[in-house]
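Using the working numbering, the first residue of the sequence shown is number 72, and each one after it goes up by one.
Note that the Cβ used here is the ideal one computed from N, Cα and C, for glycine as well.
These figures come from a predicted structure and were not determined experimentally.
Take a look at the structure set out below.
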Amino acid sequence: MSQLQPLIQLQQAAEPPLDVQEMRFWLDKAVAWGQADTQKDTTLHLSRLRDFLQQLLTHINNMSSTTDTMKTLPLLGQFLGRLCWNPYVTADAAGRRLLFQCLWGLYSEHPGNAVERKANQWIRKVLCQLATEEDDDPAQALMKQMGVPPKEYHLKVLTKMVALLQENIGKSCSSLCNINQRCSCDNILATSEACVPLVTCPEAAPLIGALLQQPVTCVRAALSEDFLDALSSAYSSQCLSLEEQAVVSLWYHNLSSLEEAVLSLLESALTNSRSIPQKQLEQSLLPKACAQHCSIFLVVNDIFRSILKQAEGKESVKCFIRTFTSCFLRELALQQHQTSVSLKAMFPQSPQSLLLPLLTRPSEMPREAWRRHLNWLSGSLQRLTEEEEEGEEGDGGNSSSTRFARYRRVFEAWFLLVQCAHWVQVAVQLLVTSEPEDCGPLLWLLIFYHHPTNRGHHRARQLVHGKEAWDHLRSLFLASARPLPVDRLQSLVALLSPQSQQPSLSPSLTLNLLVHFAVFLQQSPSASTDILQTVVDRSGLVDEAECVLSSLELRLDEDNCLSSDTGRVHLRIQALQNTLTRMHAASNCADN
72 MSQLQPLIQL QQAAEPPLDV QEMRFWLDKA VAWGQADTQK DTTLHLSRLR
122 DFLQQLLTHI NNMSSTTDTM KTLPLLGQFL GRLCWNPYVT ADAAGRRLLF
172 QCLWGLYSEH PGNAVERKAN QWIRKVLCQL ATEEDDDPAQ ALMKQMGVPP
222 KEYHLKVLTK MVALLQENIG KSCSSLCNIN QRCSCDNILA TSEACVPLVT
272 CPEAAPLIGA LLQQPVTCVR AALSEDFLDA LSSAYSSQCL SLEEQAVVSL
322 WYHNLSSLEE AVLSLLESAL TNSRSIPQKQ LEQSLLPKAC AQHCSIFLVV
372 NDIFRSILKQ AEGKESVKCF IRTFTSCFLR ELALQQHQTS VSLKAMFPQS
422 PQSLLLPLLT RPSEMPREAW RRHLNWLSGS LQRLTEEEEE GEEGDGGNSS
472 STRFARYRRV FEAWFLLVQC AHWVQVAVQL LVTSEPEDCG PLLWLLIFYH
522 HPTNRGHHRA RQLVHGKEAW DHLRSLFLAS ARPLPVDRLQ SLVALLSPQS
572 QQPSLSPSLT LNLLVHFAVF LQQSPSASTD ILQTVVDRSG LVDEAECVLS
622 SLELRLDEDN CLSSDTGRVH LRIQALQNTL TRMHAASNCA DN
């Protein structure tokens, strides 16, 4: 700063002081020009007027505030206002540029008194009216003389005004050079406010994009809340078309716009209960925006937390969150060379010991290591839940803050498991081929995923129910007798129905086991198809079974980790999907 100061003082000393008498001369001229058609006189004086406006702009920029400027030049507002309404002055590109820059220089980002507030209102009004059609006699005379239709004239004025505004916001921050000088970033707020009535004009799109993508290098480079709200409203109602990066920047600057985009995507993706939301998410900009801006991802994650707390048992919501996280992590991998944000910064509330183990894809480790990895994850989560339960017993319920902190740790661990539910799918896959003595940790992980809020004896009883369901499915799929025993099929249908007694086993858990047995157990395809078809038909879960199959197929495609079984498993999935599609079509025909 000390090295810059002499240069600044030298520059200020070299600039001639503003002649107040010359100001009076030009004000008289502006008054005379406004009272009659004085095109010839205006044209003769344009060159000198530009020189004076340049001096005036330098004077404004060297003042510390609009209030100080108005004290030294009390007639400044009247002078600039008269020039703005003179079409011969505004038709001159250089003069118009200097005139607009003087207006922006007078705009106060944080008005400190009535004078500055009134000045801001007046400046906004002038900038808006300059770009709209008004019955102005001098302007009409100029249009007539030039042979230009009014619509074309105002369109050209708007286009030039937009180009000038865009050029102006591209200037680098000047607050680091002289703390007493007006910062060029003040123009950002003024320009964004001037754009409020123009957000739906196609001609203003380049300026809107430039404003949204302006680097925030200074605290003064803020965008008007009115501008952001107008943009959000216009974009959500499809009255505004923005480029991809401009949309991402809008979400970055405007929280309500981001929330609306997330909820709209969620609603769209959950409309079809038969399929996973992969297509909608791949077409959405949200995963890419989250990868580019950590703050956007943190907000989106908070929205997911809130939704998940209200819909703990909804598999469609959990499937959406898992698929979104997968798309986000894929985009994040593509952005790694551009960003240095760590995973800990992206997942600050997640238990750090579980973060990397859960975010690791199954394809990133040998298949032989899956069971050991899942046993470790199950053990870690089990210890976390036991610590919560033991803590509750130890403090006697006296410390609500401590109890909440323990509950939050368990919830965040479960939320991360939902986001990385590919490991839950792998656990179900391994359960199909597990021996009875090996399935304990995998069943515990599966039950925690479906019933995170149950504790103590409830979870223990659910483990018993889960083991019974696993035994039942295993014996049914391994049975060689045909036709299939009716009593076993009926008891399986009962397991897939909501139970009144508590704690009951989630039908979604049983359905996942059923579908994975049908896909991965090496028995005849016809037998597996018969079991799945009979059970889902009687339980009315055809759509849900289709969704489980689609999710499984997506996970296998993403990880590409089946080696020699790849062909057989994909053929089995395809055959089961065809069967369910026919069942769905037959059901629709019967309804019609």
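Start and end residues, alpha helix (DSSP H) containing residue i
i           : result
residue 435 : Note, residue 435: premise wrong, no alpha helix (DSSP H); not H, not E.
residue 475 : 471-490
residue 419 : Run containing residue 419: none; DSSP gives neither H nor E here.
residue 306 : 296-307
residue 601 : 596-610
residue 181 : Unbroken run through residue 181: none, as it is neither H nor E.
residue 494 : 493-503
residue 613 : 613-630
residue 93  : 91-106
residue 665 : A question about residue 665 goes unanswered here, because the residues of the chain that appear run from 72 up to 663.
residue 137 : 137-143
residue 160 : 158-161
residue 129 : 110-133
residue 387 : 386-406
residue 272 : Note, residue 272: premise wrong, no alpha helix (DSSP H); not H, not E.
Alpha carbon of residue i to alpha carbon of residue j, nearest angstrom
i           : j           : result
residue 113 : residue 166 : 12 angstroms
residue 564 : residue 529 : 23 angstroms
residue 216 : residue 158 : Interpretation of residue 216 is limited by its pLDDT of 48, a score under 50 that renders its predicted location unreliable; no figure is taken from the coordinates.
residue 546 : residue 371 : 44 angstroms
residue 500 : residue 322 : 39 angstroms
residue 196 : residue 358 : 40 angstroms
residue 664 : residue 491 : There is no way to answer for residue 664, as the model of the chain reaches only from 72 to 663.
residue 516 : residue 587 : 16 angstroms
residue 578 : residue 485 : 19 angstroms
residue 172 : residue 382 : 54 angstroms
residue 266 : residue 143 : 30 angstroms
residue 401 : residue 550 : 42 angstroms
residue 562 : residue 417 : 45 angstroms
residue 625 : residue 617 : 12 angstroms
residue 261 : residue 395 : 38 angstroms
residue 423 : residue 655 : 44 angstroms
residue 509 : residue 293 : 59 angstroms
residue 443 : residue 497 : 12 angstroms
residue 594 : residue 555 : 14 angstroms
residue 627 : residue 452 : 25 angstroms
residue 650 : residue 600 : 8 angstroms
residue 111 : residue 299 : 44 angstroms
Within 8 angstroms, strictly: CB atoms of residue i and residue j
i           : j           : result
residue 356 : residue 320 : no
residue 544 : residue 605 : no
residue 153 : residue 183 : no
residue 277 : residue 233 : yes
residue 566 : residue 581 : yes
residue 169 : residue 121 : yes
residue 398 : residue 352 : yes
residue 477 : residue 458 : yes
residue 590 : residue 514 : no
residue 363 : residue 406 : yes
residue 179 : residue 137 : yes
residue 375 : residue 340 : no
residue 433 : residue 441 : yes
residue 415 : residue 489 : no
residue 502 : residue 584 : yes
residue 425 : residue 379 : no
Neighbourhood of residue i by C-beta, 6 angstroms cutoff - its chain only, sequence neighbours within 5 removed
i           : result
residue 512 : 446, 449
residue 536 : 576
residue 247 : Residue placement at residue 247 is flagged as unreliable, the pLDDT there being 48, under the threshold of 50; a coordinate-derived value is accordingly withheld.
residue 607 : 613, 616
residue 609 : 564
residue 161 : 167
Neighbourhood of residue i by C-beta, 7 angstroms cutoff - its chain only, sequence neighbours within 5 removed
i           : result
residue 533 : 518, 522, 525, 574, 576
residue 314 : 280
residue 505 : 513
residue 270 : 279, 301, 302, 305, 311
residue 333 : 357, 371, 374
Close-in-space but distant-in-sequence residues of the same chain around residue i (CB under 8 angstroms, 5 per side omitted)
i           : result
residue 303 : 321, 325, 327, 328, 331
residue 97  : 120, 123, 150
residue 542 : 507
residue 190 : 137, 141, 148, 177, 178, 179, 182
residue 568 : 578, 610
**OP:** Only counting runs of 3 or more residues, tell me where the beta strand (DSSP E) segments fall wholly within the region 317-341, in order along the chain.
**Re:** Listed in chain order, nothing qualifies, since the region 317-341 has no complete beta strand (DSSP E) run of 3 or more residues.
**OP:** For the region 505-556, list the alpha helix (DSSP H) runs that are entirely contained and at least 4 residues long, ordered along the chain.
**Re:** Correct list: 511-521, 527-549.
Original post:
Going along the chain, which unbroken runs of the beta strand (DSSP E) with 3 or more residues stay wholly within the region 557-593?
Top reply: The qualifying runs do not exist here; there are none.
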